[in-house]
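Sequence positions in the sequence shown follow the numbering used here and run 12 to 428.
Glycine included, each C-beta is placed from N, C-alpha and C at the ideal position.
Just so it is clear, the structure is predicted and the values come from calculations on it, not from any experiment.
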Amino acid sequence: MLTNAPKGTKDILPSQAHKWQYVEKKFGEICAKYGFSEIRTPVFEHTELFARSVGDTSDIVQKQMYTFQDYAGRSITLRPEGTAGVARAFIEHKMYAETLPVKLRYGISCFRYEKPQSGRLRAFHQFGAEVFGADSMIADAEVIALADDFLRSLGVTDTELRVNSIGCPNCRDGYRHALKAFLGSKRDELCDTCKIRYEKNPLRILDCKSPRCAELTVGAPRMLDHLCDECETAFADLTANLDASGIAYTVDPGIVRGLDYYTKTAFEFVTHRVGAQDTVCGGGRYDHLTEELGGPSIPGVGFGLGIERLLLLMDNCGAEIPAPPATDAFVAFIGQEAKAEALRLLRSLRAMGLSVETDALGRSIKNQFKYAARLGARFTVIIGGEELRSGMATVKDMETGEQRGVEFENVGAALRG
Ligand code: ATP
Ligand code: MG
């Protein structure tokens, strides 16, 4: 018990961490190309923030949040997603008074109480990007282009972009009625969750993972056929912008997203590789979120991209991830006097930017060589009595086995050469 991590959590071991560093670096670089700056918000927020933004009737708020009372009796929740905290920070720091749009990106851990499976954890990670203050569909297309570029840059080739419009409060009511009318006679056959959704938020039924509910919604009315003029123009604009940017997509009326705050644009990057968890990235527009949170009315659009699912996908596609850099040199020493020289040398080599290691277990010289080989060091620098007398370290090329004497002060240059 004590030595088992809680269900749904995963350690990222050193053998995997370089993959994380790689995708984190790539995400930062691509976001910079699009003009996004990093924001870091706290791991926990007031519970009310998520209830308001993600939505009281959403699965997340209903049954997935890690909520607790702190010692002062406040209700606190570990963030289940990124947008709410970023929107809160945007309002709190009056970023709306800055030059718009404000473009923010982040890499965060998220927490949801879910049934753990491959690509579905309780503590997981997301990259996200949000644009505040732009109502043009250029922002939506840019955000989608960013996600698309990111996936491509990592060698993920088999995702498909699906886009939809989920309308706005003006047209969604009419659609909700049409959908309820369609599902009315099939209501008893819906899963228990969807029976509740039918009353509270029928659009969500379209997002249900149960195969039976999916069957029941075949032939259901489409939000796209119920859009008001403004939403219809916006959707036409979005697809025109995607076309102009050379981004392939399919229109999928079934994309409704699980969070309450979305309006107009909804999109997902899906794959068939990760099994049931086929959405690697999901996002959309949220024009009423900041207002809902008590701030000024500022439109927004963004996405969240699951890092665990991304890495699974990269594994499955055989995407290449550069190996972490090898150790430049191992410094082996024999005896106390040589040890002092070795420690001096290690410090000066590191100051030159080289990655160097030594033995901290009192190994014999033979075992130091073995250890150097196991570390994958490109050179071994040997310091013993002979080297101390001559003032020359022995530098061994681990690949060719070639050895030569090098003055202590020139070892760094020799390793570089
Ligand atoms: P799903 O439909 O798979 O439950 P979602 O609609 O709940 O996903 P979002 O809230 O939109 O997902 O989160 C964005 C992305 O975060 C998802 O596309 C996915 O890649 C990732 N994600 C969501 N929940 C989890 C989880 N429990 N474990 C790992 N990744 C997750
Ligand atoms: Mg979910």
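Specify, as a first and last residue, the run of the beta strand (DSSP E) that E408 falls within. Taking the sequence shown and counting its residues from 1, the one referred to as residue 408 is at position 397. Per the sequence shown, residue 408 should be read as Asp rather than Glu. For D408, the enclosing beta strand (DSSP E) covers residues M403 to D408.
When we look at the beta-carbon of S69 and count the other beta-carbons within 10 Å, is it buried (16 or more) or exposed? Stepping through the sequence shown from its first residue, residue 69 is reached at position 58. That one is buried.
Environment of D159 [buried if 16+ CB atoms lie within 10 Å]: For this step, residue 159 is matched to residue 148 along the sequence shown. The residue is buried, with at least 16 neighbouring Cβ atoms inside 10 Å.
Check whether R90 and E56 have beta carbons under 8 angstroms apart: For the purposes of this step, residue 90 is taken as residue 79 along the sequence shown, with counting starting at 1. For the purposes of this step, residue 56 is taken as residue 45 along the sequence shown, with counting starting at 1. Closer than 8 angstroms, so yes.
Report yes if the CB atom of T52 is closer than 8 angstroms to the CB atom of A100, and no otherwise. Position 41 of the sequence shown, counted from the start, is the residue given in the question as residue 52. Position 89 of the sequence shown, counted from the start, is the residue given in the question as residue 100. Yes, these two residues count as a Cβ contact at 8 angstroms.
Integer Cβ distance of A384 from A343, believed to fall under 8 angstroms: Translated into the one-based positions of the sequence shown, residue 384 becomes position 373. Translated into the one-based positions of the sequence shown, residue 343 becomes position 332. At roughly 11 angstroms, the Cβ-Cβ gap does not stay under 8 angstroms, so A384 and A343 are not in contact.
DSSP state of E413 mapped onto helix, strand, coil: Position 402 of the sequence shown, counted from the first residue, corresponds to residue 413. E413: coil per DSSP, three-state reduction.
Measuring from the CB of D70, is there a heavy atom of the ligand MG at a distance below 7 angstroms? Indexing the sequence shown from 1 puts residue 70 at position 59. The answer is yes for D70.
Find the nearest neighbour of E398 within the set R415, T276, D236 and A251, judged by alpha-carbon distance. Position 387 of the sequence shown, counting from 1, holds the residue named residue 398. E398 has its Cα closest to that of R415, out of R415, T276, D236 and A251.
Backbone secondary structure at A330 - three-state DSSP: Stepping through the sequence shown from its first residue, residue 330 is reached at position 319. In the structure shown, A330 sits in coil (DSSP, three-state: anything other than H, G, I, E or B).
Which first and last residues belong to the alpha helix (DSSP H) in which K30 is found? As a working mapping, residue 30 is identified with position 19 in the sequence shown. K30: member of the alpha helix (DSSP H) spanning P25 to K44, first to last residue.
Any non-hydrogen atom of the ligand ATP closer than 7 angstroms to G293 Cβ: Here residue 293 corresponds to residue number 282 of the sequence shown, with the count starting at 1. Yes.
Hey, quick one: how far does the beta strand (DSSP E) through N15 stretch, first residue to last? Stepping through the sequence shown from its first residue, residue 15 is reached at position 4. Careful: N15 lies outside any beta strand (DSSP E) and carries neither H nor E.
Taking the Cβ atom as the reference point for each residue, do T94 and G144 lie within a distance shorter than 8 angstroms? By one-based count along the sequence shown, residue 94 stands at place 83. By one-based count along the sequence shown, residue 144 stands at place 133. No, these two residues do not count as a Cβ contact at 8 angstroms.
List the endpoints of the continuous beta strand (DSSP E) containing K114. Position 103 of the sequence shown, counted from the start, is the residue given in the question as residue 114. First-last of the beta strand (DSSP E) with K114: V113 to F122.
Helix or strand or just coil, what does DSSP make of H299? Taking the sequence shown and counting its residues from 1, one reaches residue 299 at position 288. Correct three-state label for H299: coil.
Tell me which residue opens and which closes the beta strand (DSSP E) that E56 is part of. Taking the first residue of the sequence shown as 1, we reach residue 56 at position 45. Where E56 is concerned, the enclosing beta strand (DSSP E) stretches over F55 to H57.
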